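Chemist:
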Amino acid sequence: MIGLIMLGSIINYLTRSTLAVAAPTVLQDLHITTRQYSWIVGAFQGAIMAQPICGYLFWAYPAYRYRNKALASYDRTHNLAIYGAYELPFGANKRWAKSGVLGALGGGWQLNWTLARTSGNPLTLKGGGAQVNAPGNYQTPDQIGPINILGGIGPAPITGQSVSCAPTDMSCHYFDPTAFHAVPGTEIRFGTTGRNFIRGPGFFNMDASLFRDFKLTERVKFQFRMEVFGVTNTPHYGNPGVDVTNTATFGVITSTLNLAGRGSGFGGERQFWFAGKVIF
């Protein structure tokens, strides 16, 4: 959204500069006053600035614009972050193992960690709507029952077999799909559900690192680092399917989050990284 507004601002600046250069010719050819021309330029600039925002609406038709009011798609109601650093109490000038082999091996280590726990993102269901013939508008399904978040995860794939989640099997659905159905093809209208009214799965992650500096000379040190991503090995699930016309995936989580550009299927698995560097 911010990118769209910035793009609109840039285009607005270029357009304003062009209109300023062309102003004398336009005033003469159209036989208008400077005041009239300023109103034209203002309206033109306002339309350019509003275009990215209006184009982002799910329902652009004036009678249905009120349905766009909802939580932002990036909203996370709860966002908890805890981080810290701890130097192990071993070695010289520490509480335990001030000397000896244990002090030499255990001294100088520092432990760092970050923990994050957030709510899921809001989701908008979709599906059907070809009969509406309303380009630029978003069709949603009808809600025919209470929303029930089941918290299920899609079935794990079995080698050599194609596994799917049956629409009647609630154990592998994140939410109850029977609470929604597509708008009948004979009815020319939008569905009764709005936007961003179901929240996807939350997110939990903990990363940690352990490192120590080894003194080689008066000026040179060697640092050993061990970093662990996803300490708890907690999966980071993606959002469930939102297309009511696709019964195989509607309400089913079929993937994990795409983190750090490593591709789908790499969400939350524990990883160990080892590194060393010379400091001088």
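Residue numbering for the sequence shown follows my numbering, starting at 179 and increasing by one per position.
Note that the Cβ used here is the ideal one computed from N, Cα and C, for glycine as well.
Values in this document were obtained by computation on a predicted structure and should not be read as measured data.
(1) Which value, in whole angstroms, describes the spacing of the CA atoms of C232 and C343?
(2) Helix, strand or coil for R373? Go by DSSP, reduced to three states.
(3) In whole angstroms, give me the CA-to-CA distance for Y215 and F382.
(4) Alpha carbon to alpha carbon, what distance is there between F353 and Y261?
(5) Do you know whose CA, among Y242, L289, F268 and Y252, lies nearest D385's CA?
(6) Which same chain residues, not among the five before or five after F450, have their C-beta less than 6 angstroms away from its C-beta?
(7) With DSSP run on the structure shown, which of helix, strand or coil describes V310?
(8) At which residues does the beta strand (DSSP E) containing W287 begin and terminate?
(9) What residues match up with W274 in a beta bridge as DSSP calls it?
(10) Three or more C-beta pairs closer than 8 angstroms, one from the segment 325-335 and one from the segment 415-434: is that the case here?
(11) According to DSSP, is P333 helix, strand or coil?
(12) With H, G and I counted as helix, E and B as strand and the rest as coil, what does DSSP make of L435?
(13) Among F389, F358 and N311, which residue has its Cα nearest to the Cα of T364?
(14) Could you tell me the distance, in whole angstroms, from the CA atom of G338 to the CA atom of F400?
(15) Using a Cβ-Cβ cut-off of 6 angstroms (strictly less than) and excluding sequence neighbours within five positions of S349, which residues of its own chain qualify?
(16) Going by beta carbon distance, what residues of the same chain come within less than 6 angstroms of D391, once the five residues before and after it are set aside?
(17) Within the same chain, show all residues whose beta-carbon is closer than 6 angstroms to that of L266, passing over the 5 residues directly before and after it, in chain order.
(18) Compute the distance between the beta-carbons of H359 and L328, then report whether it is under 7 angstroms.
(19) Can you tell me the Cα-Cα spacing of K393 and Y252, whole angstroms?
(20) If I'm right that G446 touches P413 with Cβ under 8 angstroms, what's the distance once you round it to whole angstroms?
(21) Would you kindly report the start and end of the unbroken beta strand (DSSP E) that includes K399?
(22) Taking the alpha-carbon positions, what's the R373 to R254 distance?
(23) Which residues share a DSSP beta bridge with M348?
(24) Which residues does DSSP pair with P300 in a beta bridge?
(25) Indicate the three-state DSSP secondary structure (helix, strand or coil) for G233 in the structure shown.
(26) Count the other CB atoms, across all protein chains shown, that sit within 10 Å of the CB of Y264; report buried if there are 16 or more and exposed otherwise.
(27) Could you check where the beta strand (DSSP E) with K247 kicks off and where it finishes?
(28) Considering only residues of the same chain and omitting the five flanking positions on each side of P418, which have a CB-CB separation below 6 angstroms?
(29) Between the alpha carbons of R361 and N411, how many angstroms are there, rounded?
Modeler: The answer reads as follows:
(1) Counted from its first residue, the sequence shown places residue 232 at position 54. Counted from its first residue, the sequence shown places residue 343 at position 165. Confidence in C232 is poor, its pLDDT being 49 and thus under 50, which makes the residue's placement unreliable; the coordinate value appears in the next sentence. Distance between the alpha carbons of C232 and C343 is about 38 angstroms.
(2) Indexing the sequence shown from 1 puts residue 373 at position 195. It is coil, neither helix nor strand.
(3) The residue you call residue 215 lines up with position 37 of the sequence shown. The residue you call residue 382 lines up with position 204 of the sequence shown. Going from the Cα of Y215 to the Cα of F382 covers about 57 angstroms.
(4) Taking the sequence shown and counting its residues from 1, one reaches residue 261 at position 83. Taking the sequence shown and counting its residues from 1, one reaches residue 353 at position 175. Roughly 33 angstroms separates the two Cα atoms.
(5) Residue numbering aside, residue 385 sits at position 207 when the sequence shown is read from its first letter. Nearest C-alpha to D385: L289.
(6) Working through the sequence shown from its first residue, we reach residue 450 at position 272. The answer, listed in chain order, is V406.
(7) Within the sequence shown, residue 310 is the residue found at index 132, counting from 1. DSSP places V310 in helix when its eight states are reduced to three.
(8) Position 109 of the sequence shown, counted from the start, is the residue given in the question as residue 287. Unbroken beta strand (DSSP E) run through W287: W287 to T296.
(9) The residue you call residue 274 lines up with position 96 of the sequence shown. In DSSP, W274 forms a bridge with F268.
(10) The segment 325-335 is in contact with the segment 415-434.
(11) For this step, residue 333 is matched to residue 155 along the sequence shown. Coil at P333, not helix or strand.
(12) For the purposes of this step, residue 435 is taken as the residue at position 257 of the sequence shown. In the structure shown, L435 sits in coil (DSSP, three-state: anything other than H, G, I, E or B).
(13) Indexing the sequence shown from 1 puts residue 364 at position 186. When only C-alpha atoms are compared, the closest one is N311.
(14) Reading the sequence shown from its first residue, position 160 is the one you call residue 338. Reading the sequence shown from its first residue, position 222 is the one you call residue 400. Legend: pLDDT at G338 = 48, less than 50; position of this residue unreliable, value from coordinates given subsequently. The straight-line gap from Cα to Cα measures roughly 49 angstroms.
(15) Within the sequence shown, numbered from 1, the residue matching residue 349 stands at position 171. The residues are G330.
(16) Locating residue 391 in the sequence shown gives position 213, counting from the first residue. The residues are K399 and Q401.
(17) Here residue 266 refers to the residue found at position 88 when the sequence shown is read from its first residue. W287, listed in sequence order.
(18) The residue given as residue 359 occupies position 181 in the sequence shown. The residue given as residue 328 occupies position 150 in the sequence shown. Contact flag unset, no.
(19) Here residue 393 is taken as the residue at index 215 of the sequence shown, counted from 1. Here residue 252 is taken as the residue at index 74 of the sequence shown, counted from 1. One C-alpha to the other measures close to 47 angstroms.
(20) Your numbering for residue 446 matches position 268 in the sequence shown. Your numbering for residue 413 matches position 235 in the sequence shown. The pair is a contact, with the Cβ atoms about 4 angstroms apart (cut-off 8 angstroms).
(21) One-based indexing of the sequence shown puts residue 399 at position 221. That run of the beta strand (DSSP E) goes K399 to F407.
(22) The sequence position of residue 373 within the sequence shown is 195, counting from 1. The sequence position of residue 254 within the sequence shown is 76, counting from 1. Approximately 15 angstroms between the Cα atoms of the pair.
(23) Numbered from 1 along the sequence shown, position 170 holds the residue referred to as residue 348. In the DSSP assignment, M348 forms no beta bridge with any residue.
(24) Indexing the sequence shown from 1 puts residue 300 at position 122. Under the DSSP definition of a beta bridge, P300 partners with R377.
(25) The residue given as residue 233 occupies position 55 in the sequence shown. Legend: pLDDT at G233 = 48, less than 50; position of this residue unreliable, value from coordinates given subsequently. DSSP places G233 in helix when its eight states are reduced to three.
(26) Start at 1 with the first residue of the sequence shown, and residue 264 comes out as number 86. Y264 comes out exposed.
(27) In the sequence shown, the residue the question calls residue 247 occupies position 69. Looking at the DSSP string, K247 is not in any beta strand (DSSP E), and its letter there is neither H nor E.
(28) Translated into positions along the sequence shown, residue 418 becomes position 240. Result list for P418: Y352, G429, V430 and I431, in chain order.
(29) As a first step, residue 361 is located in the sequence shown; it is residue number 183 there, counting from the start. As a first step, residue 411 is located in the sequence shown; it is residue number 233 there, counting from the start. It is worth fixing the name first, because residue 361 is Val in this sequence and not Arg. Cα to Cα, the separation comes out at about 41 angstroms.
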